[in-house]
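Under my numbering, the first residue of the sequence shown is numbered 2, with each subsequent residue one higher.
Accompanying notes for the structure given below.
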Amino acid sequence: MMIFRNLSEEHITLDLATKGKHSALSKLAIVIARTTGLDDRVVLRGIWRRERLGSTAIGRGIAVPHALLRSISSPVASFTRLAPPVDFTSPDLVPVDLVFTLLWPRSEARTFLPALSQLFRLVRAPLIREGLRLARSPDEVMAILRSDAWSIDEIPTRTNGARSVAVR
């Protein structure tokens, strides 16, 4: 999947504890800054500016905070699972526990909406969401996000051991 081509395990955080939306966005900005060399204040300012326009929660416990930044030349993606979930003012009122943060080069703004659409198609699959909620490691998250299972075949999931479940 195009969005996750540059995603690495260092951009995945599982069970991040926060006190609310602002706390979550602040901690996400710090994690992204630490792994990319960006200034965490620039990252937070960008995603918070977008969040003030309207919640980036899309429902089903998912939020996609994002920003178009002049200071980057290639997209940055991160995945964070929050524990416990926090209120992001989601349209379905479900607290958010799965957060995909996207930073996009302003110079490549034309490619942002197609990438965002691709992400939305991915998280529409119930087994993908469940797999991300059950993943025990960044490696498991990577396997789920890089698989083509969301569209055609199967994804890893956890029961008593690793096994695959067919998507129907």
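Just so you know, even glycine gets a beta-carbon here, dropped at the ideal spot from N, CA and C.
Quick caveat: nothing in here was measured; it's all calculated off a predicted structure.
Bridge-paired residues (DSSP) for residue i
i	result
residue 14	81
residue 106	70
residue 142	Beta-bridge pairing links residue 142 to no other residue.
residue 95	None, per the DSSP bridge assignment.
residue 87	97
Cβ neighbours of residue i in the same chain (closer than 7 Å, five flanking residues each side left out)
i	result
residue 44	30, 33, 34 and 104
residue 86	62, 96, 97 and 98
residue 110	69
residue 19	25, 28, 83 and 87
CB-CB length for residue i against residue j, believed under 8 Å
i	j	result
residue 14	residue 77	Actually they do not touch by this definition, with Cβ atoms about 14 Å apart.
residue 128	residue 80	In fact, because the Cβ distance is near 16 Å, the residues do not count as touching under 8 Å.
residue 26	residue 48	6 Å
residue 57	residue 51	7 Å
residue 39	residue 72	7 Å
Assigned exposure category for residue i - 16 Cβ within 10 Å defines buried
i	result
residue 8	buried
residue 55	exposed
residue 75	exposed
residue 11	exposed
residue 23	exposed
residue 16	exposed
residue 107	exposed
residue 163	A caution first: residue 163 carries a pLDDT of 39, below 50, which makes its placement in the model unreliable, though a value can still be read off. Exposed, by the Cβ-count rule.
residue 114	exposed
residue 112	exposed
residue 6	exposed
residue 137	exposed
residue 130	buried
Sequence-distant residues of its chain with Cβ nearer than 8 Å to residue i (five each side left out)
i	result
residue 59	65, 91, 92, 121 and 124
residue 161	Its pLDDT being 37, under 50, residue 161 is placed unreliably by the model, and the measurement read from it follows with that caveat. Counting only Cβ-Cβ distances below 8 Å, and skipping sequence neighbours, we find nothing.
Residues near residue i in its chain [Cβ-Cβ closer than 6 Å; skip 5 each side]
i	result
residue 169	Because the pLDDT of residue 169 is 28, which lies under 50, any placement of that residue in the model is unreliable, and the number read from its coordinates should be weighed accordingly. Closer than 6 Å at Cβ, skipping near neighbours: no residue.
Chain B contact for residue i (CB, 8 Å cutoff)
i	result
residue 72	You won't find chain B in this structure, because it holds only one protein chain.
Margin query: If we require 4 or more residues per run, which alpha helix (DSSP H) segments fall completely within the region 27 to 70?
Written below: Correct list: 41 to 54.
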